[in-house]
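Under our numbering, the first residue of the sequence shown is numbered 780, with each subsequent residue one higher.
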Amino acid sequence: MKKCFVFTVVAGLFLGLFIKLFCFDILYVSGVSMEPALNDGQAVLVNKLAYGLVKPFRGEFFVQWAEPSDGDIVIFLHDDKIVVKRCVAVGGAQLDFSGDTEYTLSVNGKKIVLTESQFRKMAQFTSVPEGYVLVLGDNYSESLDSRSYGFVSTENIIGKVIIR
Numbered sequence: 780m781k782k783c784f785v786f787t788v789v790a791g792l793f794l795g796l797f798i799k800l801f802c803f804d805i806l807y808v809s810g811v812s813m814e815p816a817l818n819d820g821q822a823v824l825v826n827k828l829a830y831g832l833v834k835p836f837r838g839e840f841f842v843q844w845a846e847p848s849d850g851d852i853v854i855f856l857h858d859d860k861i862v863v864k865r866c867v868a869v870g871g872a873q874l875d876f877s878g879d880t881e882y883t884l885s886v887n888g889k890k891i892v893l894t895e896s897q898f899r900k901m902a903q904f905t906s907v908p909e910g911y912v913l914v915l916g917d918n919y920s921e922s923l924d925s926r927s928y929g930f931v932s933t934e935n936i937i938g939k940v941i942i943r
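Here is the structure:
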């Protein structure tokens with residue numbers, strides 16, 4: 780009887796660890812860059828299987844079967860930190876820049892104001908490179924995102940927020 784109990788507990792722990800590493804995870808939002816959609820301290824459920832089978836702790840895939848879509852809230856690794864942002868454009872999406880009266884980027888019907896340095900960094904691109912996505916925080920004025928660090932490789936995306 781005791782062996783059966785120990786086996787059940789150990790099997791349960793391994794199953795829980797497997798689910799956390801490969802399937803689903805609960806993460807907590809840190810910061811205000813995704814407000815109003817996600818608030819500081821809010822728990823979110825992440826589907827790690829949304830785009831492929833992710834290698835734990837590495838931010839890359841064993842197997843990738845999908846890529847993010849416009850509007851997906853994605854989790855990815857940037858500078859060894861877990862980051863949450865909204866995917867606003869995928870590989871191949873056209874980018875239109877304007878520097879007439881203010882620096883702006885227009886993509887998929889959204890007009891995004893840029894600083895001069897962000898404009899100079901991004902204006903060389905006419906489209907999002909294949910295998911990459913453009914990610915932005917919903918709170919543009921408080922977000923460090925693709926405007927600052929460039930496009931995010933789909934290989935670095937860990938999962939998709941499914942419950943907030």
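Note that CB positions come from ideal geometry on N, CA and C, so glycine has one too. Every value quoted in this text rests on a predicted model; they were computed, and no experiment measured them.
Distance from the CA atom of V886 to the CA atom of F876, rounded to whole angstroms, is 9 Å.
Contact between the stretch 896-906 and the stretch 784-796 is not established, with fewer than three Cβ pairs separated by less than 8 Å.
N918 carries a coil assignment under DSSP once its states are collapsed to helix, strand and coil. Around the C-beta of I937, 16 or more other C-beta atoms lie within 10 Å, and the residue is accordingly described as buried. In its chain, beyond the 5 residues on either side, C802 have a beta carbon closer than 6 Å to the beta carbon of L828. Distance from the Cα of S812 is smallest, within the candidate group L913, E909, R865, for R865. In the same chain as G910, and ignoring 5 residues on each side of it, the C-beta atoms closer than 7 Å to its own belong to G870, S932, T933, in chain order. Excluding sequence positions up to five before and after K834, its CB lies within less than 8 Å of the CB of F840, F841, all in the same chain and listed in chain order. C783: member of the alpha helix (DSSP H) spanning 781-797, first to last residue.
S809 is bridged by DSSP to nothing; it lacks a bridge partner. The beta carbon of Y928 sits closer than 7 Å to those of H857, all from its chain and outside the five residues before and after it, given in chain order. T883 carries a strand assignment under DSSP once its states are collapsed to helix, strand and coil. In this structure, DSSP gives S848 a state outside helix and strand, which the three-state scheme calls coil.
Under DSSP, the beta-bridge partners assigned to S932 are Y911.
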